[in-house]
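See below for the structure under consideration.
Number of protein chains: 2
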Amino acid sequence: MSPTSSSLLFGSHSVANGVVERDFTVGGVPGVLWSPAGYEAHEPAPLVLMAHGGGNDKKHPAMSGRAGLLVRDCGFHVAVLDAPGHGDRPRTEHDEREVAELFRARAAGEPEGPVVVRYNAHLADQAVPEYRALLDALQELPEIGPGGPVGWFGINMGTAIGIPFVAEEPRITAAVFGQHWPQLLAGPAARITVPVEFDMQWDDEHITREEALALFDAFGSAEKSLHANSGLHKQLPRFEAESAVRFLARHLTKG
Amino acid sequence: MSPTSSSLLFGSHSVANGVVERDFTVGGVPGVLWSPAGYEAHEPAPLVLMAHGGGNDKKHPAMSGRAGLLVRDCGFHVAVLDAPGHGDRPRTEHDEREVAELFRARAAGEPEGPVVVRYNAHLADQAVPEYRALLDALQELPEIGPGGPVGWFGINMGTAIGIPFVAEEPRITAAVFGQHWPQLLAGPAARITVPVEFDMQWDDEHITREEALALFDAFGSAEKSLHANSGLHKQLPRFEAESAVRFLARHLTKG
Chain P
1 MSPTSSSLLF GSHSVANGVV ERDFTVGGVP GVLWSPAGYE AHEPAPLVLM
51 AHGGGNDKKH PAMSGRAGLL VRDCGFHVAV LDAPGHGDRP RTEHDEREVA
101 ELFRARAAGE PEGPVVVRYN AHLADQAVPE YRALLDALQE LPEIGPGGPV
151 GWFGINMGTA IGIPFVAEEP RITAAVFGQH WPQLLAGPAA RITVPVEFDM
201 QWDDEHITRE EALALFDAFG SAEKSLHANS GLHKQLPRFE AESAVRFLAR
251 HLTKG
Chain V
1 MSPTSSSLLF GSHSVANGVV ERDFTVGGVP GVLWSPAGYE AHEPAPLVLM
51 AHGGGNDKKH PAMSGRAGLL VRDCGFHVAV LDAPGHGDRP RTEHDEREVA
101 ELFRARAAGE PEGPVVVRYN AHLADQAVPE YRALLDALQE LPEIGPGGPV
151 GWFGINMGTA IGIPFVAEEP RITAAVFGQH WPQLLAGPAA RITVPVEFDM
201 QWDDEHITRE EALALFDAFG SAEKSLHANS GLHKQLPRFE AESAVRFLAR
251 HLTKG
């Protein structure tokens, strides 16, 4: 079965703090859909697709935390897939080799950019059609529906997947990216014209200022905002999640 | 009378939409103080000092609009002075000469940076002690009091006055700056260590990217955030005022 013709197969389901969490698979890929409690009684609501960072998974606290803000504060639906080789998905020999190479480079004090850029691009080749199939399937749900506003929110590896995905996906209304290298992403970024909010760390030990600024500069969007915060790669402030949620709310809700 | 020993002399007074507006002079300098209606019945509240942009005045809509957010959303007091040669203050021959030179440079299509940098620094030499005297006087009011949190919010000329003021003023808790040149300001900026939010325009036709980034880089603050938006010098998005208000609220109110 082609991934573009898959439906969502729902698994376990829970409700906590006003948020419905539904596990699913689509074309065999595991994901999670967070929705506002009581969504069945409401009009279709905007959707935000998220992608997690390298080494994490669909339910990492960064994902569930951002989803909680989007669902509770904005009434949106939020979906994430496990990236290839991550979460509940098997690692291939190629995954194992690249992860070992990343750890070796780190331990040797070598730059990790070359490995991350190459490996994330490889994962994105697989993940982009998976996200397209996910969006097709989600728009068949009555609580989302076709033609509604759809946002993207992915930092780090979520940007390596998101930039090629959004560049080719006319259904995306606005996107939050950040913290990646321009070498393979500046090209597709130039084809993105929807509003973009982009995060970088001013003192990132892996991505130089020039690289981060070059990727921000590459976006073809007439409306784009760069948020650069002092601190190292992993010190992206929590308030940037709140800022991203306000940005998405501004662009996905009418009036 | 030395400016540091002046008290506020209140003039006219009005109330609208939950905001009390009081005109005053301090050491002969005209200013305006906005406060939450009913402030007399409440504990002392945080204060934000603002400074207006070149060619504007203390009650320019950018000032009253930002003050409205700070007073209504946060319960803060907000004060602005007319800068020397601006608003209700007389222009000297030197002011007239510099303004004429700025208009001449603009009409000739020459860079306006050299004139603005020089003239704003001249105005800041006078405005910095005026703001210090203002802060002394405001802290004598029971609704503000001594020792409470004080923020700074000034873009454009408000940054040319604000950076030397905050660099020498230990009573400032957090500051919003933006849209100026580093030539004369990077030095004092390096002495500022409080949290800073800094706005630049990515396509500014007057201030190059390298100049704006150099000024942001100069701040000595461990916590600083750069917001760069697509657009020309005068197209700073309105949502940056809301962002600045959230930044000030985060740093001027206790957890």
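Chains P and V supply the protein sequences, listed in that same order. Every letter in the first sequence is one number past the one before it in the numbering used here, and letter 22, counting from 1, is 22. Every letter in the second sequence is one number past the one before it in the numbering used here, and letter 216, counting from 1, is 216. Ideal Cβ placement from N, Cα and C applies to all residues, glycine included. Quick caveat: nothing in here was measured; it's all calculated off a predicted structure.
Going along chain B, which residues have a C-beta under 8 Å from residue i?
i: P/Ala241; result: Of the chains in the structure shown, none is chain B; the protein chains are P and V.
Which class does residue i belong to by DSSP, given the choice of helix, strand or coil?
i: P/Pro30; result: strand
i: V/Gln126; result: helix
i: V/Asp136; result: helix
i: V/Ala222; result: coil
i: P/Ser230; result: coil
i: V/Ser64; result: helix
i: P/Pro36; result: strand
i: V/Ile324; result: Missing from the structure shown is residue 324 of chain V; chain V here goes from 1 to 255 and no further.
i: V/Phe76; result: coil
i: P/Gly147; result: coil
i: V/Ala83; result: coil
i: V/Leu213; result: helix
i: P/Ala41; result: helix
i: P/Ile155; result: coil
i: P/Asp95; result: helix
i: V/Leu248; result: helix
i: V/Ala107; result: helix
i: V/Ile161; result: helix
What does the Cβ neighbour count give for residue i, buried or exposed, with the cut at 16 atoms within 10 Å?
i: P/Pro84; result: buried
i: V/Thr173; result: buried
i: P/Asp265; result: Since the first residue shown for chain P is 1 and the last is 255, residue 265 of chain P is missing from the structure and cannot be characterised.
i: V/His86; result: buried
i: V/Ser230; result: buried
i: V/Gln235; result: exposed
i: P/Ala45; result: buried
i: V/Ser2; result: Bear in mind that the predicted position of V/Ser2 carries a pLDDT of just 45, short of 50, making it unreliable; the figure below should be weighed with that in mind. Answer is exposed; the Cβ neighbour count stays below 16.
i: V/Ala27; result: According to the sequence shown, residue 27 of chain V is Gly rather than Ala. With 16 or more other Cβ atoms within 10 Å, it is buried.
i: V/His227; result: buried
i: P/Leu232; result: exposed
i: P/Pro142; result: exposed
i: P/His13; result: exposed
i: V/Asp199; result: buried
i: V/Lys224; result: buried
i: V/Glu90; result: Per the sequence shown, the amino acid found at residue 90 of chain V is Pro instead of Glu. When all chains shown are included, V/Pro90 counts as exposed.
i: P/Val176; result: buried
i: V/Lys58; result: buried
i: P/Pro195; result: buried
i: P/Gly31; result: buried
Could you tell me whether any Cβ in chain V is nearer than 8 Å to the Cβ of residue i?
i: P/Glu205; result: no
i: P/Leu215; result: no
i: P/Leu252; result: no
i: P/Glu263; result: Here chain P comprises residues numbered 1 to 255, so residue 263 of chain P is not present and cannot be evaluated.
i: P/Glu223; result: yes
i: P/Ala244; result: no
i: P/Leu49; result: no
So that I know if they touch, is there some Cβ in chain P lying closer than 8 Å to that of residue i?
i: V/Lys234; result: no
i: V/Ala175; result: no
i: V/His42; result: no
i: V/Ala228; result: yes
Skipping 5 residues on each side, what residues in its chain have a beta carbon closer than 8 Å to that of residue i?
i: P/Gly220; result: Ala189, Ala190, Arg191, Ile192, Thr193
i: V/Gly68; result: Asn17, Val19, Trp34
i: V/Ala127; result: Ala51, Leu81, Ala83, Pro84, Ile161, Phe165
i: P/Val71; result: Gly18, Val19, Trp34, Ser35, Pro36, His77, Val78
Give me, in chain order, the residues of the same chain whose beta-carbon lies closer than 7 Å to that of residue i; leave out the 5 immediate sequence neighbours on both sides.
i: P/Val117; result: Trp181, Gln183, Leu184
i: P/Ala137; result: Ser6, Ser7, Leu8, Val26
i: P/Arg171; result: Leu135, Val150
i: P/Pro237; result: Asn229
Please work out which residues of its chain come closer than 6 Å, Cβ to Cβ, to residue i, disregarding the five sequence neighbours upstream and downstream, and give them in chain order.
i: P/Ala160; result: Asn120, Ala124, His180
i: V/Ala167; result: Pro188, Arg191, Ile192
i: P/Gly65; result: none
i: V/Tyr39; result: Glu143
i: V/Ala214; result: Pro182
i: V/His60; result: His52
Cβ of residue i within 7 Å of any heavy atom in the ligand SAH?
i: P/Val99; result: Here there are no bound small molecules, and the ligand SAH is not part of this structure.
Throw me the rounded Cβ distance for the residue i and residue j pair, which I believe falls under 8 Å.
i: V/Ile155; j: V/Gly178; result: 5 Å
i: P/Ala105; j: P/Glu112; result: 5 Å
i: P/Tyr131; j: P/Leu49; result: 6 Å
i: P/Ala259; j: P/Gly53; result: Lying outside 1 to 255, the shown extent of chain P, residue 259 of chain P is not represented and no answer is given.
i: V/Leu248; j: V/Phe153; result: 7 Å
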